[in-house]
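Below is one structure, written out as structure tokens; the observations come after it.
Protein chains in written order, with this note's numbering: chain A, 1 to 307; chain B, 1001 to 1264.
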């Protein structure tokens, strides 16, 4: 009952379970502007999908969810296309560099160790910073405007001196074009090393380093993720045959629906509430990864691939 | 003369190595059949049952093995880094391992296994035998531990299984009795050819055997998708993306219109 055979994954799955997983991740994607690969891939592996196929099919699914999410946010005026395209160009450059970095790391050995540690530290740092910062902002609602600029004035002066200053109307900021390009490259490198889409690093980068308003961050992040995942899906289908379209399609039905609800929930929440929720999610994933590293595994061997 | 005599024990030793304990000449062909001969993987395939039945001599035991072709497999070994953190530490290559190994036995075989574990190995069946057969290439790890973990992983995937005492014995007629095994074929089975082997066992020795083929094929939608994914992979990739985008647009059309308007 309710089972469907997945030809590429070579296993059968429960349709309702996959649909539910898709819906859950779609909601998160719509609220926070993240792809959700960091959550979905381990869940798929847990129900018996081979790691490489779980990761590739998930990116196919994210194409659908981020199309749906980007459109929903676009209608709310939350997508900064200019910023998104610049970040995307940086991301492509960074991704290409990151793949080379990974190759060097593999040759040196211990790549897995480095990747896992980077992951945990990154999530821990980003999660804690966002959590504390937004908690303080929520507590002192009257005074954030006074405290913030004083602290960040040095950084603001520095980026004000960079060449090619331009207006980003949707975000309501004026910045050098170099900023999104360089930061996009940086996130692209990290994402390639960690084997994820990078939404989780991109969102805090946009909030804290590019100073974009939280709601525009979510829409713009989704817009960028859409293109990244289109690229990954085609590349994986072509060179590794790891995209299971049936799996992706069921996930899609759940996630596109979820993304619409997510975007509406996102609209109802305030920027700081969004930040604190995302920070909690990042911290939960961090703790889960840390536990995986600390607890004795049930089986001492594992299939290759995945995050 | 003395030099000639030295050869005698050596010749005996070599001869004893070459001699095989299985009484090959007295082996009979077991009357057995399996149903179906072809497993078709369709859209709703979720594993299936294979019925293996036949007749053996009344006092003998039966073993049914469904076995896939030998393969090579590279897995990641988990270990402690810095004495604290569990993670993948290098690759382990397994060679000469079947991709499927499912064993059913009649009740009497359980007693044999309980009283004499070695007997199984000598028969050339069972997990202990697989452990002996597999070749493992790994850096600094105990062979036996790795073999054990390999069996654990395969059993967890449902691709290796042992069902002791799960062959039902039917009515006796003359010197023969009928047997029937309902073999569970897991959904994770790969496409290809498999061997269905039936063994008749008497006093810990194989006295009869039969071997037959089982084919596993994809049909219908799964076959179509596989063919597209492997033979026209670029087209498949583009289609996967286009359909995903279309699904996103359709969802937006049904659920997203009207309510979104207005900038933040």
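Beta carbons: idealized from backbone N, C-alpha and C, even for Gly.
Given a threshold of 16 other Cβ atoms within 10 Å of its Cβ, counted over all protein chains shown, does residue i qualify as buried or as exposed?
| i | result |
| --- | --- |
| residue 1023 (chain B) | For residue 1023 (chain B), the pLDDT reaches just 47, beneath the cut-off of 50, and the residue's location in the model is therefore unreliable, leaving the point undetermined. |
| residue 204 (chain A) | buried |
| residue 1120 (chain B) | buried |
| residue 250 (chain A) | buried |
| residue 155 (chain A) | exposed |
| residue 7 (chain A) | buried |
| residue 1028 (chain B) | exposed |
| residue 236 (chain A) | buried |
| residue 242 (chain A) | buried |
| residue 46 (chain A) | exposed |
| residue 1156 (chain B) | exposed |
| residue 76 (chain A) | buried |
| residue 167 (chain A) | exposed |
| residue 1011 (chain B) | exposed |
| residue 31 (chain A) | buried |
| residue 256 (chain A) | buried |
| residue 1093 (chain B) | exposed |
| residue 266 (chain A) | buried |
| residue 1041 (chain B) | buried |
Compare the C-beta of residue i against all C-beta atoms of chain B and say whether one is closer than 9 Å.
| i | result |
| --- | --- |
| residue 246 (chain A) | yes |
| residue 179 (chain A) | no |
| residue 185 (chain A) | no |
| residue 52 (chain A) | no |
| residue 107 (chain A) | no |
| residue 292 (chain A) | yes |
| residue 8 (chain A) | yes |
| residue 273 (chain A) | no |
Counting along the chain, where does the alpha helix (DSSP H) carrying residue i start and finish?
| i | result |
| --- | --- |
| residue 1138 (chain B) | No alpha helix (DSSP H) contains residue 1138 (chain B), which DSSP labels as neither H nor E. |
| residue 174 (chain A) | It is not in any alpha helix (DSSP H) - residue 174 (chain A) instead sits in the beta strand (DSSP E) that spans 173-176. |
| residue 60 (chain A) | 51-75 |
| residue 219 (chain A) | 214-240 |
| residue 287 (chain A) | 271-294 |
| residue 37 (chain A) | 37-46 |
| residue 25 (chain A) | 15-32 |
| residue 318 (chain A) | In the structure displayed, chain A extends from 1 to 307; residue 318 (chain A) sits before or after that span and is not available. |
Quick one: Cα of residue i to Cα of residue j, how far?
| i | j | result |
| --- | --- | --- |
| residue 171 (chain A) | residue 213 (chain A) | 6 Å |
| residue 301 (chain A) | residue 1086 (chain B) | 12 Å |
| residue 1182 (chain B) | residue 1069 (chain B) | 21 Å |
| residue 281 (chain A) | residue 127 (chain A) | 8 Å |
| residue 21 (chain A) | residue 178 (chain A) | 38 Å |
| residue 1153 (chain B) | residue 189 (chain A) | 34 Å |
| residue 54 (chain A) | residue 15 (chain A) | 15 Å |
| residue 293 (chain A) | residue 1074 (chain B) | 22 Å |
| residue 64 (chain A) | residue 192 (chain A) | 21 Å |
| residue 1214 (chain B) | residue 39 (chain A) | 39 Å |
| residue 88 (chain A) | residue 184 (chain A) | 7 Å |
| residue 58 (chain A) | residue 248 (chain A) | 6 Å |
| residue 66 (chain A) | residue 1169 (chain B) | 58 Å |
| residue 19 (chain A) | residue 246 (chain A) | 12 Å |
| residue 180 (chain A) | residue 37 (chain A) | 23 Å |
| residue 1122 (chain B) | residue 1166 (chain B) | 22 Å |
| residue 275 (chain A) | residue 137 (chain A) | 10 Å |
| residue 70 (chain A) | residue 219 (chain A) | 6 Å |
| residue 34 (chain A) | residue 158 (chain A) | 29 Å |
Give a yes or no on whether the minimum CB-CB distance between residue i and chain A is below 9 Å.
| i | result |
| --- | --- |
| residue 1222 (chain B) | yes |
| residue 1049 (chain B) | no |
| residue 1101 (chain B) | no |
| residue 1093 (chain B) | no |
| residue 1046 (chain B) | yes |
| residue 1087 (chain B) | yes |
| residue 1027 (chain B) | no |
| residue 1043 (chain B) | yes |
| residue 1229 (chain B) | yes |
Provide the residue span of the beta strand (DSSP E) that contains residue i, from first to last.
| i | result |
| --- | --- |
| residue 1090 (chain B) | 1085-1098 |
| residue 1236 (chain B) | Per DSSP, residue 1236 (chain B) belongs to no beta strand (DSSP E); it is in the alpha helix (DSSP H), 1233-1251. |
| residue 1209 (chain B) | 1205-1218 |
| residue 1170 (chain B) | 1167-1173 |
| residue 1157 (chain B) | Segment: none, residue 1157 (chain B) is in no beta strand (DSSP E) and carries neither H nor E. |
| residue 1062 (chain B) | 1061-1067 |
Per the DSSP calculation, residue i is bridged to which residue(s)?
| i | result |
| --- | --- |
| residue 1048 (chain B) | B:1185 |
| residue 168 (chain A) | A:173 |
| residue 103 (chain A) | DSSP output for residue 103 (chain A) lists no bridge partner at all. |
| residue 263 (chain A) | Beta-bridge pairing links residue 263 (chain A) to no other residue. |
| residue 1179 (chain B) | B:1054 and B:1169 |
| residue 1038 (chain B) | B:1215 |
| residue 362 (chain A) | Here chain A comprises residues numbered 1 to 307, so residue 362 (chain A) is not present and cannot be evaluated. |
Consider the C-beta atom of residue i and the heavy atoms of the ligand HEM; say whether any pair is separated by less than 8 Å.
| i | result |
| --- | --- |
| residue 55 (chain A) | With respect to the ligand HEM, the structure shown offers nothing to examine, as it has no ligands at all. |
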